[in-house]
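Chains as they are written, first to last, in this note's numbering: chain W, 107 to 439; chain B, 34 to 310.
Every residue gets a Cβ at the ideal spot worked out from N, C-alpha and C, and that includes glycine.
The model shown is predicted, which means the values in this text are computed figures rather than measured ones.
Structure, as structure tokens:
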Amino acid sequence: MSPGFLYFLETVLNGLMTGVMYSLVALGFVLIFKASGIFNFAQGVMALFAALTLVGLQTGQVPFSHLINAIFGTEFHHFGWTLPAFVAVVGTLVVMVAFAYLFEKLVLKHLVNQEPIILFMATIGLAYFLEGFGDLMWGADIKALDIGIPSGGSFWLEDVTREWATEGSDYFGMYIDKLDVVAALVAVALVLVLTLFSQYTATGRALRAVADDHQAAMSVGISLRNIWVIVWSIAGFVALVAGIMWGAKSGVQFSLSLIALKALPVLILGGFTSIPGAIVGGLIIGVGEKLAELYVGPFVGGAIENWFAYVVALVFLLFRPQGLFGEKIIERV
Amino acid sequence: MTDAALAKNEAETILSVSNIEVIYNHVILVLKGVSLSVPRGGIVALLGANGAGKTTTLKAISNLLRAERGEVTKGSIEFDGERIESSSPSDLVRRGCIQVMEGRHCFGHLTIEENLMTGAFTRRDGAANVRRDLEMVYDYFPRLKERRGSMAGYTSGGEQQMTAIGRALMSRPKMVLLDEPSMGLAPQLVEEIFEIVKKLNEEQGVSLLLAEQNTNIALRYAKYGYILESGRVVMDGEAKSLRENEDVKEFYLGIGGEGRRSFKNVKHYKRRKRWLA
């Protein structure tokens, strides 16, 4: 095989992997949007908060240590333990569920039957609150997240692919980060589980019913408040997964919350209401921006990766606003 | 009444609403003291023009009112011997009182069968029983069985109305609050749906409170009727006597008593005879 083709293949594969990472974030948006019609502005911050909590629990940080020390004049930062990764993940999950419960209890409950825009504003408020709360709880320094996911390139893959290249070329072998492969597998598993859950369980059916018609769902005895807690818990879980993957890739810090911005074009492409759409949208954006960078980038001075996704989204908004897989707008009386 | 008579009366009345007042958004007074009762196993019609308060009365009973910022501020509602003004809708469904909302409100992106299954959401008596009831619903509405796999949003108005009623049945209700089942349907279909409702009442013993604008058909199937006008009950009685009442004929059934009159006279007559108690 010619090195050119191998480069192409490597770029596509890396694009797919990056795309999966986008999809992970987009999934959280889709879940909440489907079930409650709320565009959850705080999804990115939720991922950040989940990652912060995970690192904090794992390394035995004392929550609110700065606050406590400032008030009581103590010097108390660490419990002095290190939790196994699995325990820390479960602990974080508990925190995210508690967070969902509190958010419903304190905010959503009072906004039943309000305009979507008001609920949207509430999530903006939530984003800022959670950002500050996360800092206060765990500190604002940049942290490394390591729960034992393999990362770095694979020598085996590099050796194998070097063999494929034509004799005498300087192709060094394919570089694919193991972390990305793990992320892809996790995403596939996540989508599978979510789809099975929403298609084949009574709770999943109730979630879809609520998404279709709040009032009718209430009339058959589905409690909106319970459903909202469930939805936000699942979104918290997805945020945790996204937080783990992105945190392991690029460290846990404020900019982690900005990954939500990349999820936006993914959603517009895939459709706000489709779980498969979030995945396929992510893949297309991922591959598209990498290929554009490789082949078009040199002619325009690079940095296409930064805006490519948004241009694609714009084109979709013009020609197919419901996205590739968005729910067909059923119109009949 | 003696104690024994009172107890007997309670056993025979499944729903009694006494003198309720409903206010929306803290300011808009919609019901100004509505009282009615439904005997166990009976069909009672709630009649009246647009905006008379029929839907609000049903929603006050099923407590869907609160989600629309409405509130029962006075009076009491008793279902099956217990006060229910502060029960949540899901609690009421569990106890056996369910509303079929006006305009069908099917879950458009769910299949017919999934729609029906959502009705069993509050049930905890096992999949086998739910399965059996699903077959029962299909027996009453054979048309739904044919279309069980289609998305509800793509089915016809009649099929959606059947789905909505079937969905309510899946909760094993003692009482169904049926809001305007005839809305937007062809007369023949309305007849078909009322026949099925009557069969359900007779065979399953489901009590029904039926809000209808179509006074004619409602009084043919109900045993008793209440007429609402701007938030008050202005008249009630056996369906038969209501059907023969001159005023009901004039205003709700559209049958003039003394032949044709000029429009001017009719309006004058109406104004004079307005029953505002």
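For G52 (chain B), does the count of other Cβ atoms within 10 angstroms reach 16, so buried, or fall short, so exposed?
This sequence places Asn at residue 52 (chain B); Gly is not what is there. By the 10 Å Cβ count, N52 (chain B) comes out exposed.
Minimum Cβ-Cβ distance from L98 (chain B) to chain W less than 7 angstroms
Judged by the 7 angstroms Cβ criterion, L98 (chain B) is not in contact with chain W.
Using 8 angstroms for Cβ pairs, my map puts S129 (chain W) next to I385 (chain W). What's the rounded Cβ distance?
Going by Cβ atoms, the distance from S129 (chain W) to I385 (chain W) rounds to 5 angstroms, so yes, they are a contact pair.
Distance between S70 (chain B) and E277 (chain B) (C-alpha atoms, nearest Å):
The straight-line gap separating the alpha-carbon atoms of E277 (chain B) and S70 (chain B) is approximately 22 angstroms.
Does DSSP put K249 (chain W) in a helix, in a strand, or in coil?
Correct three-state label for K249 (chain W): strand.
Which value, in whole angstroms, describes the spacing of the CA atoms of A271 (chain W) and S260 (chain W)?
The straight-line gap separating the alpha-carbon atoms of A271 (chain W) and S260 (chain W) is approximately 17 angstroms.
Limits of the alpha helix (DSSP H) - the one that E179 (chain B) falls within:
175-179 is the span of the alpha helix (DSSP H), which, as asked, contains E179 (chain B).
Taking CB distances under 7 angstroms as the criterion, tell me whether V337 (chain W) reaches chain B.
No, because no Cβ of chain B sits closer than 7 angstroms to the Cβ of V337 (chain W).
Distance between beta carbons of A341 (chain W) and I144 (chain W), contact taken as under 8 angstroms:
I144 (chain W) to A341 (chain W), Cβ: 10 angstroms. No contact.
Can you pull the DSSP bridge partners for K65 (chain B)?
K65 (chain B) is bridged to B:E54.
How is M208 (chain B) classed by DSSP in three states: helix, strand or coil?
Strand at M208 (chain B).
S361 (chain W) to F170 (chain W), Cα distance in whole Å?
Looking at the two C-alpha atoms, the distance is approximately 21 angstroms.
Cutoff 8 angstroms; reference E264 (chain W); Cβ partners in own chain excluding five residues on either side
Cβ neighbours of E264 (chain W) beyond the five flanking positions: F278, G279, M280, Y281.
With I3 (chain B) as the anchor, note down where its beta strand (DSSP E) starts and where it stops.
Examination of residue 3 (chain B) is not possible in this model, given that chain B is present from 34 through 310 alone.
My understanding is that L48 (chain B) touches M324 (chain W), with C-beta atoms under 8 angstroms, so please give their C-beta distance in whole angstroms.
The distance from the Cβ of L48 (chain B) to that of M324 (chain W) is about 19 angstroms, inconsistent with a contact at the 8 angstroms cut-off.
Looking at G86 (chain B) and L261 (chain B), is the spacing between their C-beta atoms short of 7 angstroms?
Contact: yes.
Using a Cβ-Cβ distance under 7 angstroms, would G376 (chain W) count as near chain B?
No, because no Cβ of chain B sits closer than 7 angstroms to the Cβ of G376 (chain W).
For the region 166-176 of chain B against the region 221-239 of chain B, do three or more pairs of beta-carbon atoms, one drawn from each stretch, fall closer than 8 angstroms, so that the two count as touching?
Contact between the region 166-176 of chain B and the region 221-239 of chain B is present, because at least three Cβ pairs lie under 8 angstroms.
CA-CA distance, G186 (chain W) and Q164 (chain W)?
Each residue's Cα considered, the two are about 11 angstroms apart.
Please tell me whether F154 (chain B) has its Cβ less than 7 angstroms away from any Cβ of chain A.
Chain labels in this structure do not include chain A; the protein chains are W and B.
With distances taken from CA atoms, which of B:E213, B:P206, B:K92, B:E45 is nearest E118 (chain B)?
Looking at the Cα atoms, B:K92 is the closest of the given residues.
List the residues that DSSP assigns as beta-bridge partners of R116 (chain B).
Note: R116 (chain B) sits in a beta bridge opposite B:E111.
To the nearest angstrom, how far is the alpha carbon of T90 (chain B) from that of T229 (chain W)?
For T90 (chain B) and T229 (chain W), the distance between alpha carbons rounds to 35 angstroms.
Please tell me whether N175 (chain W) has its Cβ less than 7 angstroms away from any Cβ of chain B.
Chain B contact via Cβ: absent.
Beta carbon of V126 (chain W) nearer than 7 angstroms to that of A293 (chain W)
Yes, the Cβ-Cβ distance between V126 (chain W) and A293 (chain W) is below 7 angstroms.
Strictly below 9 angstroms CB to CB, what residues from chain B border A308 (chain W)?
The contacting residues are M150, T151, A153, F154.
Quick one: using the 10 Å Cβ neighbour count with 16 as the cut-off for buried, is I250 (chain B) buried or exposed?
In the assembly as shown, I250 (chain B) is a buried residue. Its beta-carbon has 16 or more other beta-carbons within 10 Å.
Use the C-beta contact count for W334 (chain W): other C-beta atoms within 10 angstroms, 16 or more gives buried, fewer gives exposed.
W334 (chain W) is buried by the Cβ-count criterion.
Complete runs of the alpha helix (DSSP H) confined to the region 204-274 of chain B [at least 4 residues]:
As far as the region 204-274 of chain B is concerned, its whole alpha helix (DSSP H) runs of at least 4 residues are 220-237, 248-254.
Residue(s) in a DSSP beta bridge with I312 (chain B):
Outside the shown range of chain B (34 to 310) lies residue 312 (chain B), about which nothing can therefore be said.
7 angstroms is my cut-off, CB to CB: does S142 (chain W) come that close to chain B?
So no, S142 (chain W) is outside the interface.
Rounded to whole angstroms, what's the CA-CA distance from P222 (chain W) to G231 (chain W)? Just pull it up for me.
In this structure, the CA atom of P222 (chain W) is about 14 angstroms from the CA atom of G231 (chain W).
So, at 8 angstroms on beta carbons, what are the nonlocal neighbours of V439 (chain W) in its own chain, with the 5 sequence-adjacent residues on each side left out?
In this predicted model, V439 (chain W) has a pLDDT of only 47, less than 50, meaning its place in the structure is not dependable; the value taken from the coordinates is given anyway. Excluding positions up to five away in sequence, the list is empty.
Is G392 (chain W) buried or exposed, if buried means 16 or more other CB atoms sit within 10 Å of its CB?
Its Cβ being crowded by 16 or more others within 10 Å, G392 (chain W) is buried.
Listed in chain order, which residues of the region 131-149 of chain B have Cβ atoms closer than 9 angstroms to some Cβ of chain W?
Taking 9 angstroms as the Cβ-Cβ cut-off, the region 131-149 of chain B approaches chain W at I131, Q132, V133, M134, R137, H138, C139, F140, G141, H142, L143, E147, N148, given in chain order.
Does any residue of chain W have a CB that is nearer than 7 angstroms to the CB of V126 (chain B)?
It does; some Cβ of chain W falls within 7 angstroms.
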